[in-house]
Amino acid sequence: VPVCATWLGRGRCALSTSSNEQKVESMNKLPINGDLVGLSIDPISHSWTNRDTMLYALGVGCRSSDDLDFIYEGRGPKVVPTFAVIPGLRAMGSAMQRIDINLAALLHGEQSVTTHRPLPAAAEVTVEGRIAAVWDKGKAAVIEFEGIGYDTEGPLFAVRASLFVLGGGGWGGERGPSG
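Just so we're aligned, residue 21 is where the sequence shown starts under the numbering used here, counting upward by one.
This is how it looks when you write it as structure tokens:
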């Protein structure tokens, strides 16, 4: 049965039918432990259009009666600041591909976005990211990722996300914050 061995984005993946290929790929991945802190990814490029930002605004609940500036090009469009998670999560996905994680045991922890200035309705950005922290919670681990998006004018946004990985703990690392 074919499985998605490598995610290529935009609904595409490289298919593999060999369980040996999957085992080799898994052996080359990094284990979850404190050595991951500081692991950086190669910068990724991401672009969007005003259509993308308007569709995102509709997707997160903007309505014509209250939010015309976000969904109508005749009035902007302004960009919902949380749109920055889209390129930020692409960068996080690149980092996660390098770590030995059972995706079925992965839970979204928390997420934050900081915008340094309003996001443009159309842009081409470069996102640099790294693993900021890894915590051993006993039977689980928490991996914190941070990414910074730049355009030609400089820093545009910063994203931060934490992932809770069931079965990823027990390696003797710091427990980190709780609560």
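Ideal placement from N, C-alpha and C gives every residue a C-beta, glycine not left out.
Quick one: Cα of residue i to Cα of residue j, how far?
i, j, result
"Ser182", "Leu126", "10 Å"
"Arg30", "Lys98", "Here Arg30 scores only 47 on pLDDT, less than 50, and its place in the model is too uncertain to base an answer on."
"Gly192", "Leu56", "14 Å"
"Ala160", "Met116", "16 Å"
"Ala77", "Ala141", "11 Å"
"Phe184", "His128", "6 Å"
"Gly158", "Glu93", "50 Å"
"Ala153", "Ser60", "12 Å"
"Phe165", "Arg71", "28 Å"
"Gly187", "Pro107", "28 Å"
"Asp171", "Arg137", "11 Å"
Can you check DSSP and say which residues form a bridge with residue i?
i, result
"Gln131", "Ala181"
"Thr146", "Ser65, Tyr170"
"Ala153", "Glu164"
"Leu126", "Val185"
"Ser60", "Arg150"
For residue i, which of the options has the nearest alpha-carbon?
i, options, result
"Val100", "Glu148, Leu59, Lys49, Phe177", "Phe177"
"Ser132", "Leu109, Phe184, Pro175, Ala143", "Leu109"
"Val162", "Leu75, Gly189, Asn70, Ala104", "Gly189"
"Met112", "Arg150, Gly94, Ser67", "Arg150"
"Asp156", "Ser198, Leu75, Val147, Ala124", "Ser198"
"Glu130", "Gly187, Arg180, Val145", "Arg180"
"Cys225", "Thr102, Ser67, Thr69", "Examination of residue 225 is not possible in this model, given that the chain is present from 21 through 199 alone."
"Val14", "Val154, Ser67, Leu88, Ile121", "As shown, the chain starts at 21 and ends at 199. That puts residue 14 outside it, with no answer to give."
"Pro51", "Ser65, Arg118, Tyr170, Arg95", "Arg118"
"Thr73", "Thr146, Ile121, Asn48, Phe90", "Phe90"
"Ile64", "Glu148, Thr135, Asp171", "Glu148"
"Thr146", "Ile168, Leu88, Gly196", "Ile168"
"Asn48", "Glu144, Arg195, Asp120, Gly58", "Asp120"
"Ala143", "Leu88, Thr69, Arg195", "Thr69"
Quick one: using the 10 Å Cβ neighbour count with 16 as the cut-off for buried, is residue i buried or exposed?
i, result
"Asp62", "exposed"
"Asp86", "exposed"
"Val80", "exposed"
"Gly174", "exposed"
"Leu123", "exposed"
"Leu139", "buried"
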